[in-house]
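*Asks:* Following this message is one structure expressed as structure tokens.
Residue numbers (the working numbering), protein chains in the order written: chain A, 58 to 175; chain B, 58 to 175; chain C, 58 to 175; chain D, 58 to 175.
This is the structure:
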């Protein structure tokens, strides 16, 4: 969903400027912040679980299986975040156009490249 | 299956329509098509090089090193393509807004997810 | 380093059997257990840091950068664990040979495949 | 650089030697060489298919889908090769033990790390 942004967004930050809008104050994931936090707490639990496995001398392969699960969970979190970033922050910048739009696309592409390579 | 989209796609819908624009007839990578083709020919050469290595009974580890290089080259190609897709096709759709904009973002996110997971 | 294993390994566990050796009681990462735990606690800290970023409405791209860092750290942990698994558990099984050796290689390959794909 | 190893490598050391065995003359994938070559030719076909897609101005997302497929195929090839390397070259070296065994494990771990990161 492409988010709606109101004219009062700027007013919330005194001295704010029209050209440095929304995405500098509110991230694109605001609507699903609770879901993200829940997800991250689950991942934190997975990493703590890994510590317990190592403390208990669990067999290497079983530890590795849990590492793969935690890595996948982090990736899924990143993909969700990126999706919201595109549909809010990037969409917003593109609808305004100009140099900021180009910058937002460049920035998103760089983040995608880091994800693909990590 | 890859959908066919011909240069006459626009003509097929007499008068075309403002809401079914640009990205249905021309891909976002048009301006750098030659670079992409050059890149892909180089990757084809890498894959043929892998065949020669295997034919010549090259040591496994040396083959694997070249596989990593080819994989990285494919990823770099994908990242470049995605960047252009965002800055052209998705940007176009977002500037027009509406359901098509949402659809384009969803589609791009799904492609990113496939890349991150591949 | 490929660990040396003595004939008395079995004797250390009364009732131990020759066919269910070393790797069923002690994981390959035993010597560097403290390093692994330190590493995992640092990753846990990174994941908690991600929660703080989301709670503070940090800009999406900055969150994504930290996700990539945490993912890379998890991968590095996995690679270290796998290295020790190969040089201890798999090495041990291979030096004994037989069906267990084949099974250990199959198991390691499957773990590597999961890592490459995650 | 990929080291050259020719079919005459063996002949160069008449009678071979116990300490420089199997894996210095023949790669671990010898038994399934034809399967590997078939696989690589299929991947070459996929990369040529990508060129056709770009030449025909195929929609970006459809090109990206095929890139993900080619990347996955390369990864699957690498995983297969690595599995054979472990069960032949590394297994051989480990059964002989000594410095060469350590070196083989180190080398395999480095190749795995490159794969996981690519």
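Ideal Cβ positions, reconstructed from N, Cα and C, are used throughout, including at glycine.
Over what stretch of residues does the alpha helix (DSSP H) that includes residue 143/A continue unbroken?
*Replies:* Segment: none, residue 143/A is in no alpha helix (DSSP H) and carries neither H nor E.
*Asks:* Output yes if chain A places a C-beta closer than 7 Å to the C-beta of residue 92/B; else output no.
*Replies:* False, the Cβ-Cβ gap to chain A never drops below 7 Å.
*Asks:* Nearest CA to the CA of residue 85/C: which residue from 158/C, 115/C, 141/C?
*Replies:* Ranking 158/C, 115/C, 141/C by Cα distance to residue 85/C puts 141/C first.
*Asks:* Suppose contacts are defined by Cβ-Cβ distances below 7 Å. Is residue 125/A in contact with residue 175/C by that definition?
*Replies:* Contact flag set, yes.
*Asks:* Roughly how many angstroms separate the alpha carbons of residue 105/C and residue 170/D, rounded to a whole number?
*Replies:* Taking the straight line joining both Cα atoms gives about 26 Å.
*Asks:* Do residue 162/D and residue 143/C have their CB atoms nearer than 7 Å?
*Replies:* A contact, by the Cβ cut-off of 7 Å.
*Asks:* Is residue 107/B closer than 7 Å to residue 127/D when the C-beta atoms are compared?
*Replies:* No, they are not a contact pair.
*Asks:* So with CB distances below 7 Å, who are the chain B contacts of residue 175/D?
*Replies:* Here the neighbours are 125, 128, 129.
*Asks:* Compare the C-beta of residue 156/C against all C-beta atoms of chain D and say whether one is closer than 7 Å.
*Replies:* Cβ-Cβ to chain D under 7 Å: no for residue 156/C.
*Asks:* Please go through the stretch 83–136 of chain B and give each complete alpha helix (DSSP H) segment of 4 or more residues, from N-terminal end onward.
*Replies:* The stretch 83–136 of chain B contains these whole alpha helix (DSSP H) runs: 90–112.
*Asks:* Is the Cβ of residue 170/B closer than 7 Å to any Cβ of chain A?
*Replies:* It does; some Cβ of chain A falls within 7 Å.
*Asks:* Could you check what DSSP says for residue 155/D in three-state terms: helix, strand or coil?
*Replies:* Residue 155/D falls in the coil class under three-state DSSP.
*Asks:* Please state if the CB of residue 148/D and the CB of residue 157/D are separated by a distance shorter than 7 Å.
*Replies:* Not in contact: residue 157/D and residue 148/D (Cβ atoms no closer than 7 Å).
*Asks:* Suppose you measure from the CA of residue 114/D to the CA of residue 160/B; what does that come to, to the nearest Å?
*Replies:* Near 21 Å, if we compare the C-alpha coordinates of residue 160/B and residue 114/D.
*Asks:* Could you tell me the alpha carbon to alpha carbon distance between residue 110/A and residue 152/C, rounded to whole angstroms?
*Replies:* Their Cα atoms are separated by approximately 27 Å.
*Asks:* Do residue 87/B and residue 135/B have their CB atoms nearer than 7 Å?
*Replies:* No.
*Asks:* Using the three-state DSSP reduction, which class does residue 175/A fall into: helix, strand or coil?
*Replies:* It is coil, neither helix nor strand.
*Asks:* Under 7 Å between the Cβ atoms of residue 118/D and residue 133/B?
*Replies:* Result no, Cβ atoms of residue 118/D and residue 133/B do not sit closer than 7 Å.
*Asks:* Can you tell me which of 102/B, 138/B, 154/B, 123/B puts its alpha carbon nearest to the alpha carbon of residue 91/B?
*Replies:* Comparing Cα-Cα distances from residue 91/B to each of 102/B, 138/B, 154/B, 123/B, the minimum goes to 138/B.
*Asks:* Sort 97/D, 155/D, 146/D by Cα distance to residue 129/D and report the nearest one.
*Replies:* The residue with the shortest Cα to Cα distance from residue 129/D is 97/D.
*Asks:* Once the 5 residues before and after residue 100/D are set aside, which same chain residues still bring their CB inside 8 Å of it?
*Replies:* Once the five neighbours on either side are set aside, the close Cβ partners of residue 100/D are 127, 130, 131, 134.
*Asks:* Could you work out which residue in 145/C, 123/C, 112/C, 164/C is closest to residue 94/A when comparing CA atoms only?
*Replies:* The shortest C-alpha separation from residue 94/A is found at 112/C.
*Asks:* Between the Cα of residue 164/C and those of 102/A, 89/A, 83/A, 122/A, spot the shortest distance and give me the residue it belongs to.
*Replies:* Here the closest residue by C-alpha is 122/A.
*Asks:* If we define contact as Cβ-Cβ less than 7 Å, is residue 118/D a contact residue for chain B?
*Replies:* So, interface residue.
*Asks:* If the cut is a Cβ gap below 9 Å, which residues of chain D does residue 88/C touch?
*Replies:* Going along chain D, no residue has its Cβ under 9 Å from residue 88/C, so there is no contact; the nearest lies around 14 Å.
*Asks:* What's the C-alpha gap between residue 103/C and residue 145/A?
*Replies:* Using only the alpha carbons, I get a separation of about 26 Å.
*Asks:* From 155/D, 89/D, 83/D, pick the residue whose C-alpha is nearest to that of residue 116/B; which is it?
*Replies:* Per the Cα distances, 83/D.
*Asks:* Whole angstroms is fine: what's the gap from residue 154/D's alpha carbon to residue 154/C's?
*Replies:* Approximately 13 Å between the Cα atoms of the pair.
*Asks:* Per DSSP, what kind of secondary structure is residue 170/D in: helix, strand or coil?
*Replies:* If DSSP states are grouped into helix, strand and coil, residue 170/D belongs with the helices.
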